[in-house]
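**Q** Provided herewith is a single structure, encoded as structure tokens, for subsequent inquiry.
There are 2 protein chains.
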Amino acid sequence: MCQLLGMNCNVPTDICFSFKGFCERGGTTDEHKDGWGIAFFEDKGCRSFLDPSPSAGSAISSLVKNYPIKSCNVISHIRKATLGEVTLENTHPFTRELWGQYWVFAHNGDLKSFHPSFQGSYLPVGSTDSEQAFCLILERLKQSFPERPTPQEVAGELQRIADDIATYGIFNFLLSDGICMFAYCTTTLSYLVRQYPFSKAQLKDRDIELDFSKIAGHADRVAVIATEPLTTNEAWIAFPKEQVLVFKDGVVVNT
Amino acid sequence: MCQLLGMNCNVPTDICFSFKGFCERGGTTDEHKDGWGIAFFEDKGCRSFLDPSPSAGSAISSLVKNYPIKSCNVISHIRKATLGEVTLENTHPFTRELWGQYWVFAHNGDLKSFHPSFQGSYLPVGSTDSEQAFCLILERLKQSFPERPTPQEVAGELQRIADDIATYGIFNFLLSDGICMFAYCTTTLSYLVRQYPFSKAQLKDRDIELDFSKIAGHADRVAVIATEPLTTNEAWIAFPKEQVLVFKDGVVVNT
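Residue numbers (the numbering used here), protein chains in the order written: chain A, 15 to 269; chain B, 15 to 269.
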């Protein structure tokens, strides 16, 4: 299995604090050492750092931990390989373009006997069940909406696609177009929203504490999503099962 | 305008030496300081490092200069913006998937009044003429070949597409699918092939010399392609104008 980390905010924010804890799970505090990746949206642009090496101890993850890239939508993933070899092409998150926007996807789970056929709009490069699921999601979205629809329309169609794919096994995922963060969970996923009044947060995987009241603006709002809570002293909310949640500007907008 | 750097080899090789010289042109020895990027193929996988900041002095370019990623196909670009703002989405190289392979593209030049219409398979995310050219190339390749063709077939079709696009202005580009490097030039592009017997090379933009005879294997072969020669003591070959060259395993295979 793997672990997911996502962030969605109303102002560009760096993920250094959360990532410092998260990437320890890639070989130090947990066993997810078969590669890792992180994708940052910056306006319409998107850049990823992908590494088939363990995140704990990686030179690239050291850069990411200490180089504050400000973004409103971030998706990160640490991998424990189940289906597909430990190679760069099987390293999440995956990126494709749809409706002139980049879309980024990462998956935690295990889809058994999942071998969809594709029309050709999006073909997997690697051999993971995850990339196949991503290609199928984009293909079906493109078939349903030749032009870019509203986030609510995406969420409605995504709910149907995700429910279909979830019949094959564990399907927890994060998907973003740089504006919204779409999240879905069949087993384990949690989130919290940090907003005014801010307080201190203590990482679970490293002895690091950060007082957000000293660095955040009054209007800032940041949603953090993770397979397992990243901090010990904040109230993480377990995701409802099998329901697409849409985060925009740091808050859930479709419940 | 911009500058291009490409590498195509028969064994995975790092590009640290060439990149150390090249990235100085992004703000130190030359004026191409409107962002930079580099993409490395590793088998079927591909990872890019993109940065809208100047390459000279960038924390990410420092990592790339000192972190030897072994690859048989690398494309790098330093940008001096002509069309399109200095943003991440306008930073080369661009990546898309076609026939279940990643394709990477970078362009040096300036296409005037170039506003192609697209069928929808590939849409530009940013506002550069370059990304439009890339999307048009992939769309036409996909239309001509529903299934993956041979490199020779790609080269033939690419020649026609490139000639069409070149009617709009300066069109020097590098394109790779991770197996071959396709290169085309209407104005300035040079290459050299390093192979046995290897010798010393002296960078033009930094006082760094490397003796390849001490680090390369007898069978190694590396083609390096650059807008302007990167070394002072090697015989760089000027590209023929308006002719697609295909590099595979470190050598031109289609002349």
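Where a beta carbon is used, it is the ideal one built from N, C-alpha and C, also for glycine.
So does the region 98-114 of chain B actually touch the region 209-220 of chain B, counting three or more Cβ pairs closer than 8 Å?
**A** Because the criterion of three Cβ pairs below 8 Å is not met, the region 98-114 of chain B and the region 209-220 of chain B do not touch.
**Q** Taking the alpha helix (DSSP H) that Ile175 (chain B) falls in, what are its first and last residues?
**A** Taken as a continuous stretch (DSSP letters only), the alpha helix (DSSP H) holding Ile175 (chain B) covers Pro165 to Ala180.
**Q** In terms of residue numbering, what span does the alpha helix (DSSP H) encompassing Ala58 (chain A) cover?
**A** Before going further, note that residue 58 (chain A) is Lys rather than Ala in the sequence given. From DSSP, Lys58 (chain A) is part of no alpha helix (DSSP H); its letter is neither H nor E.
**Q** Compare the C-beta of Ala73 (chain A) against all C-beta atoms of chain B and say whether one is closer than 8 Å.
**A** So, interface residue.
**Q** Would you mind sorting Tyr210 (chain B) into buried or exposed? The rule is 16 or more other CB atoms within 10 Å of its CB.
**A** Tyr210 (chain B) should be labelled exposed.
**Q** For Met21 (chain B), I'd like the list of residues in its chain whose CB is within less than 6 Å of its CB, leaving aside the five on either flank, ordered along the chain.
**A** Here the set comprises Ile29, Val88 and Val238.
**Q** Should Gly140 (chain B) be flagged as near chain A, meaning a C-beta pair shorter than 8 Å?
**A** It does: the Cβ of Gly140 (chain B) has a partner Cβ on chain A nearer than 8 Å.
**Q** Report the residues of the region 102-136 of chain B with a CB closer than 8 Å to any CB of chain A, ordered along the chain.
**A** Listed by position, the residues of the region 102-136 of chain B near chain A (Cβ gap below 8 Å) are Leu102, Glu103, Asn104, Thr105, Thr109, Arg110, Glu111, Trp113, Gly114, Gln115, Tyr116, Gly134, Ser135 and Tyr136.
**Q** Going by CA-CA distance only, name the one from A:Thr27, A:Gly35 and A:His232 that's closest to Glu223 (chain A).
**A** If we check each option's Cα against that of Glu223 (chain A), A:Gly35 comes out closest.
**Q** Once DSSP output is grouped into helix, strand and coil, what is the label at Ile74 (chain A)?
**A** If DSSP states are grouped into helix, strand and coil, Ile74 (chain A) belongs with the helices.
**Q** Between which two residues does the beta strand (DSSP E) harbouring Gly20 (chain A) extend?
**A** Segment Cys16 to Thr27, the beta strand (DSSP E) holding Gly20 (chain A).
**Q** Rounded to whole angstroms, how far is the Cβ of Gly41 (chain A) from the Cβ of Ser90 (chain A), which I believe are closer than 8 Å?
**A** Wrong, their Cβ atoms sit about 15 Å apart, outside the cutoff.
**Q** Taking Leu64 (chain A) as the query, report the chain B residues whose CB atoms sit under 7 Å from its CB, ordered along the chain.
**A** In chain order: Arg61.
**Q** With respect to the alpha helix (DSSP H) encompassing Arg208 (chain A), which residues constitute its N-terminal and C-terminal limits?
**A** Note, Arg208 (chain A): premise wrong, no alpha helix (DSSP H); beta strand (DSSP E) at Ser204 to Gln209.
**Q** Just to confirm before moving on: does the CB-CB distance between Phe128 (chain A) and Cys149 (chain A) stay below 8 Å?
**A** No, the pair does not count as a contact, with Cβ atoms beyond the cut-off.
**Q** Using a Cβ-Cβ cutoff of less than 6 Å, which residues in the same chain neighbour Ser75 (chain B) once the five nearest sequence positions on both sides are dropped?
**A** Cβ neighbours of Ser75 (chain B) beyond the five flanking positions: Cys37 and Ser69.
**Q** Which residues mark the beginning and the end of the beta strand (DSSP E) in which Ile222 (chain B) is found?
**A** No beta strand (DSSP E) holds Ile222 (chain B); DSSP gives it neither H nor E.
**Q** Does DSSP put Leu259 (chain B) in a helix, in a strand, or in coil?
**A** Strand at Leu259 (chain B).
**Q** What three-state label does DSSP hand Asn104 (chain A) in the structure shown?
**A** Reduced to three states, the DSSP call for Asn104 (chain A) is helix.
**Q** For Glu256 (chain A), which residues from the same chain have a beta carbon less than 7 Å from its beta carbon, with the 5 sequence-adjacent residues on both sides left out?
**A** Only Asp177, Ala180 and Thr200 meet the Cβ criterion.
**Q** Use the C-beta contact count for Ile251 (chain A): other C-beta atoms within 10 angstroms, 16 or more gives buried, fewer gives exposed.
**A** It counts as exposed.
**Q** By the 9 Å beta-carbon criterion, what residues does the region 178-191 of chain A contribute toward chain B?
**A** Hits within the stretch: zero.
**Q** Suppose you measure from the CA of Ile184 (chain B) to the CA of Lys126 (chain A); what does that come to, to the nearest Å?
**A** Rounded to whole angstroms, Ile184 (chain B) to Lys126 (chain A) spans 50 Å at the Cα level.
**Q** Verify whether the separation of the beta carbon atoms of His121 (chain A) and Phe187 (chain A) is less than 8 Å.
**A** Yes, these two residues count as a Cβ contact at 8 Å.
**Q** Applying a beta-carbon distance threshold of less than 9 Å, which residues of chain B neighbour Glu56 (chain A)?
**A** Neighbours of Glu56 (chain A) on chain B, chain order: Pro66, Thr101, Leu102 and Glu103.
**Q** What does Leu150 (chain B) touch in chain A if you count any residue whose Cβ is under 7 Å from its own?
**A** Those within 7 Å of Leu150 (chain B) in chain A number zero; the least Cβ separation is about 14 Å.
**Q** Going by C-alpha to C-alpha distance, which of A:Gln166, A:Leu64 and A:Asp263 sits closest to Asp234 (chain A)?
**A** Here the closest residue by C-alpha is A:Asp263.
**Q** According to DSSP, is Arg154 (chain B) helix, strand or coil?
**A** Note: Arg154 (chain B) maps to helix in three-state DSSP.
**Q** Measuring alpha carbon to alpha carbon, tell me which residue in A:Asp65, A:Leu203 and A:Thr43 is nearest Gly59 (chain B).
**A** It is A:Asp65.
**Q** Do we get a CB-CB distance below 8 Å when we pair Tyr81 (chain B) with the residues of chain A?
**A** Yes, because at least one Cβ of chain A sits closer than 8 Å to the Cβ of Tyr81 (chain B).
**Q** Apart from the five residues on each side of it in sequence, which residues of its chain come closer than 8 Å, Cβ to Cβ, to Asp57 (chain A)?
**A** Here the set comprises Gly192.
**Q** Relative to the C-alpha of Gln173 (chain B), which candidate in B:Phe33, B:Asn80 and B:Val258 has its C-alpha closest?
**A** Nearest option by C-alpha distance: B:Val258.
**Q** Confirm, please, whether the CB-CB distance from Ala169 (chain B) to Phe261 (chain B) is below 8 Å.
**A** No, the Cβ-Cβ distance between Phe261 (chain B) and Ala169 (chain B) is not below 8 Å.
**Q** Where Glu248 (chain A) and Leu206 (chain A) are concerned, what is the direct C-alpha to C-alpha distance, given to the nearest angstrom?
**A** Straight-line Cα distance between these residues: approximately 8 Å.
**Q** Beta-carbon separation of Met195 (chain B) and Lys94 (chain B) under 8 Å?
**A** It is not a contact, given that the beta carbons lie outside the stated cut-off.
**Q** Of all the options A:Glu153, A:Leu102 and A:Leu77, which has the alpha carbon lying nearest to the alpha carbon of Ser85 (chain B)?
**A** Considering only alpha carbons, the answer is A:Leu102.
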